[in-house]
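Chemist: Quick note: the sequence shown uses this note's numbering, first residue 5, plus one each step.
The structure is given below, and queries will be raised subsequently.
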Amino acid sequence: MSILNGNERLGRTVGDVAEVAGYLWQRGWAERNGGNISVNITDLLGERDLTRPALAGQVALGRPVPALGGQVFLVTGTNRRMRYVSSDPMEHMAVIRVMPDGGAYEIIADRIVKPTSELASHLLMHDHLRRQGKHNTVVLHTHPTDLIAMTHNPKFLGRDVMGTLLWSMIPETRIVVPRGIGIVPYALTGTVRLADETIKLLDDYDVIMWEKHGCLAVGEDVIETFDMIDTLSKSAQIYIQARMMGFEPSGLTDAQLDEIRVAFQLP
Ligand code: 13P
Ligand code: ZN
């Protein structure tokens, strides 16, 4: 029986993930199987679903995630295309439960779909956020073309350089992404090293660029998490279009950005 049966809140969350997967494809950020999404759905489940038997054996995690013992996640499958996650989410996602000691996970629904190759990374981030007492239940990774292109220029990789530039393109970005963007130097996809470097920045940022690879964002809700990346991409588009018209955009001044910070009570 599907884990979705009769669970309206879970149904809505799966619908939101499908909606966002569609946007990632429409934006051109999800070539082939590019990108992955995980959502902590533990609070949406009743006792019967939380304890449902596993569909397959346990899979060890390279690094334990003790704060996630017993927690249940909805995750996109590895090698699955976002356009199909969008049209048929439960065909291309897995529901996994972390073992009580945090050393392994098992698939509990809806079918045996191998989770994303970035699962270790996602779970280490969820573990970190949970230990910090944060309510972030979503980790979203995608490949936004414009933002990735910017990471190919070393001048944007200094601390807060890219974030401040993108803030200055349009007031919305200062408001929607108030903590700016962190940058993780290039590291191999799917590795604990990439996760460790990302986690170091999660106390300061909700959106992090992986140099020459993609974007990683955390949030309380998958739609809001997508919106942060989308707004940053809008700023990148304004910057790029100004450069294509042959000028360096003047950008909002520090005083104007500060005025927005005060008016919207931002950090
Ligand atoms: P998966 O298909 O394993 O999720 O990998 C996609 C990706 O973007 C890796 O960084
Ligand atoms: Zn990727």
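Positions of the beta carbon are idealized from the N, C-alpha and C atoms, including for glycine.
On a predicted model such as this, the values are computed, not experimentally measured, just so you know.
(1) Using only alpha-carbon positions, find the residue among 124, 22, 28 that is nearest to residue 68.
(2) Would you tell me roughly how many angstroms separate the C-alpha atoms of residue 95 and residue 10, rounded to the nearest one?
(3) Using C-beta distances below 8 Å, list every residue in its chain close to residue 32, excluding the 5 sequence neighbours before and after it, in chain order.
(4) To the nearest angstrom, report how far apart residue 243 and residue 119 are at their CA atoms.
(5) Apply the 10 Å Cβ neighbour rule to residue 131 and answer buried if 16 or more other Cβ atoms are within range, or exposed otherwise.
(6) Helix, strand or coil for residue 145, going by three-state DSSP, please let me know.
(7) CB-CB under 6 Å to residue 256, same chain, minus the five flanking residues each way: which ones, in chain order?
(8) Starting from residue 77, follow the beta strand (DSSP E) in both directions and report where the run begins and ends.
(9) Under a three-way DSSP split, which group does residue 109 fall into?
(10) Answer yes or no: do residue 199 and residue 128 have a C-beta to C-beta separation smaller than 7 Å?
(11) Using 8 Å as the Cβ pair cut-off and three pairs as the minimum, do the stretch 86 to 105 and the stretch 28 to 43 touch?
(12) Check whether the Cβ atoms of residue 224 and residue 189 sit closer than 7 Å, and answer yes or no.
(13) Are the CB atoms of residue 100 and residue 77 nearer to each other than 7 Å?
(14) Would you check if there are 3 or more beta carbon pairs closer than 8 Å linking the stretch 229 to 239 to the stretch 157 to 165?
(15) Which stretch, first to last residue, makes up the beta strand (DSSP E) that contains residue 42?
(16) Out of 145, 114, 139, which one is the CA nearest neighbour of residue 122?
(17) Which of the three DSSP states, helix, strand or coil, is assigned to residue 186?
(18) Check residue 192 in the structure and name its three-state DSSP category.
(19) Pull up the distance between the alpha-carbon of residue 49 and that of residue 246, whole angstroms please.
(20) When you measure from the CB of residue 32 to every non-hydrogen atom of ligand 2, does any distance come out below 6 Å?
(21) Could you check which residue in 194, 191, 41, 210 has the C-alpha nearest to that of residue 182?
(22) Residue 53 and residue 7: beta carbons closer than 7 Å?
(23) Can you name the residues that DSSP bridges to residue 100?
(24) In whole angstroms, what is the alpha-carbon distance linking residue 45 and residue 254?
(25) Any idea which residues DSSP pairs residue 218 with across the strands?
(26) Touch check for the stretch 16 to 32 and the stretch 226 to 233: three-plus C-beta pairs under 8 Å?
Modeler: Working from what's here:
(1) Mapped onto the sequence shown, residue 68 falls at position 64. Of 124, 22, 28, the residue nearest in Cα terms is 124.
(2) Reading the sequence shown from its first residue, position 91 is the one you call residue 95. Reading the sequence shown from its first residue, position 6 is the one you call residue 10. About 18 Å.
(3) On the sequence shown, residue 32 is found 28 positions in, with the first residue counted as 1. Cβ within range, chain order: 149.
(4) Within the sequence shown, numbered from 1, the residue matching residue 243 stands at position 239. Within the sequence shown, numbered from 1, the residue matching residue 119 stands at position 115. Cα-Cα distance, rounded: 36 Å.
(5) Here residue 131 refers to the residue found at position 127 of the sequence shown. By the neighbour-count rule (16 or more Cβ atoms within 10 Å), residue 131 is buried.
(6) By 1-based counting over the sequence shown, the position of residue 145 is 141. Strand, per DSSP.
(7) Translated into positions along the sequence shown, residue 256 becomes position 252. If we look at residue 256 and ignore the five residues flanking it on each side, its Cβ neighbours are 172.
(8) Stepping through the sequence shown from its first residue, residue 77 is reached at position 73. Run containing residue 77: 76 to 80, per the beta strand (DSSP E) assignment.
(9) As a first step, residue 109 is located in the sequence shown; it is residue number 105 there, counting from the start. Residue state, collapsed to three classes: strand.
(10) As a working note, residue 199 is residue 195 in the sequence shown. As a working note, residue 128 is residue 124 in the sequence shown. In contact: residue 199 and residue 128 (Cβ atoms closer than 7 Å).
(11) yes
(12) Looking up residue 224 in the sequence shown gives position 220. Looking up residue 189 in the sequence shown gives position 185. In this structure, residue 189 does not lie closer than 7 Å to residue 224 by Cβ.
(13) Position 96 of the sequence shown, counted from the start, is the residue given in the question as residue 100. Position 73 of the sequence shown, counted from the start, is the residue given in the question as residue 77. The answer is yes: Cβ separation under 7 Å.
(14) no
(15) As a working note, residue 42 is residue 38 in the sequence shown. Its beta strand (DSSP E) spans residues 40 to 44.
(16) Counting from one through the sequence shown, the residue named residue 122 turns up at place 118. For residue 122, the nearest C-alpha among the options comes from 145.
(17) Along the sequence shown, one-based indexing puts residue 186 at 182. In the structure shown, residue 186 sits in a strand (DSSP, three-state: E or B).
(18) Mapped onto the sequence shown, residue 192 falls at position 188. Looking at residue 192 - three-state DSSP - the assignment turns out to be coil, as it is neither helix nor strand.
(19) Counting from one through the sequence shown, the residue named residue 49 turns up at place 45. Counting from one through the sequence shown, the residue named residue 246 turns up at place 242. Roughly 48 Å separates the two Cα atoms.
(20) By 1-based counting over the sequence shown, the position of residue 32 is 28. No, ligand 2 has no heavy atom inside 6 Å of this Cβ.
(21) Along the sequence shown, read from residue 1 onward, the residue named residue 182 stands at position 178. Taking only the C-alpha atoms, the option nearest residue 182 is 210.
(22) Position 49 of the sequence shown, counted from the start, is the residue given in the question as residue 53. Position 3 of the sequence shown, counted from the start, is the residue given in the question as residue 7. Contact: yes.
(23) As a first step, residue 100 must be located in the sequence shown, where it is residue number 96. According to DSSP, which records beta bridges pairwise, residue 100 is partnered with 77, 111.
(24) The sequence position of residue 45 within the sequence shown is 41, counting from 1. The sequence position of residue 254 within the sequence shown is 250, counting from 1. C-alpha separation (whole angstroms): 44 Å.
(25) The sequence position of residue 218 within the sequence shown is 214, counting from 1. Residue 218 pairs with 214.
(26) yes
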